[in-house]
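To convert a position in the sequence shown, counted from 1, into my numbering, add 267.
For reference, the structure is listed below as structure tokens.
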Amino acid sequence: MKIYKALLVFVFTLLFHMSKGQDLFPSEVWHDGELVLMTGDTLRAPLKYDFSNESVLLNHKGTVLSYSARKILYFEIFDVVSDRYREFFALPFFVRQNYKAPILFEVITEGSLTLLAREYIMVESTPATGMYGQPIYVEPVRRLVHDYYFLNMDGEIELFSMRKRELYQVMSRRLPDVKKYIKRNKLHISNPEDLIRIVIFYNELMEGNFQHANGR
Numbered sequence: 268m269k270i271y272k273a274l275l276v277f278v279f280t281l282l283f284h285m286s287k288g289q290d291l292f293p294s295e296v297w298h299d300g301e302l303v304l305m306t307g308d309t310l311r312a313p314l315k316y317d318f319s320n321e322s323v324l325l326n327h328k329g330t331v332l333s334y335s336a337r338k339i340l341y342f343e344i345f346d347v348v349s350d351r352y353r354e355f356f357a358l359p360f361f362v363r364q365n366y367k368a369p370i371l372f373e374v375i376t377e378g379s380l381t382l383l384a385r386e387y388i389m390v391e392s393t394p395a396t397g398m399y400g401q402p403i404y405v406e407p408v409r410r411l412v413h414d415y416y417f418l419n420m421d422g423e424i425e426l427f428s429m430r431k432r433e434l435y436q437v438m439s440r441r442l443p444d445v446k447k448y449i450k451r452n453k454l455h456i457s458n459p460e461d462l463i464r465i466v467i468f469y470n471e472l473m474e475g476n477f478q479h480a481n482g483r
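Put into structure tokens, the structure is as follows:
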């Protein structure tokens, strides 16, 4: 059951934020947290993260301080929206050709292959017309969207396209077992819940936990 912890809490959060009635997303509110800087300093205070600006805001006794990803080692929060702990790291990533810079990632599940995520808020507007063809206003709908990344044991981070062919390349060392697992459990790569299950299974295989992995 322990290995499903990351799966359960993440899926709960994902489903929670798919509701159209969601007023505020986690990046828009303050959370109790701990921020560890590259200097080794640890700061404990309400935090707010910002993926778009690669920064974390810290509310220190009413004074708001901003820290860029370049200054951050990692931070963790107790998410007041989804009622769970979440962990983030600032990791070097190719932001353009031949140039790496630290950006923020959330750790979804760790192992030989670590699944990371970045989130952003998508605003969707659906055009509508009245009975006489005149345009009418429809309130835009906001959704929380995630991009997923793989971090391998060499420290390389790659954006995952959510395509089966790419997943098979990443998991080529245990591909026959992974294919059987996906087929047996009728999993879909594009489904975040299924993706997490597959990554957890693959890591169990890589760590030698064959009996438990093959029993699911």
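We put the CB at the ideal spot given by N, CA and C, even for glycine.
{"query": "Enumerate in chain order the residues of its own chain whose CB-to-CB distance from Pro359 is below 6 Å, with the five nearest sequence positions on each side excluded.", "result": "Lys367, Pro369"}
{"query": "Based on the DSSP secondary-structure assignment, which residues constitute the bridge partners of Glu386?", "result": "His413"}
{"query": "Using a 10 Å radius around the Cβ and a threshold of 16 neighbouring Cβ atoms, would you call Met438 buried or exposed?", "result": "buried"}
{"query": "Taking the alpha helix (DSSP H) that Asp421 belongs to, which residues open and close that run?", "result": "Here Asp421 belongs to no alpha helix (DSSP H), and DSSP marks it neither H nor E."}
{"query": "So, with DSSP's three-state summary, where would you put Ile456?", "result": "coil"}
{"query": "Name the two residues that bound the continuous beta strand (DSSP E) containing Pro369.", "result": "366 to 376"}
{"query": "Quick check on this structure: which residue in Met420, Glu386, Glu423, Val445 has the alpha carbon closest to the alpha carbon of Arg432?", "result": "Val445"}
{"query": "Going by DSSP, what residue range makes up the beta strand (DSSP E) through Arg351?", "result": "351 to 363"}
{"query": "So, using beta-carbon positions, are Leu340 and Val374 closer together than 7 Å?", "result": "no"}
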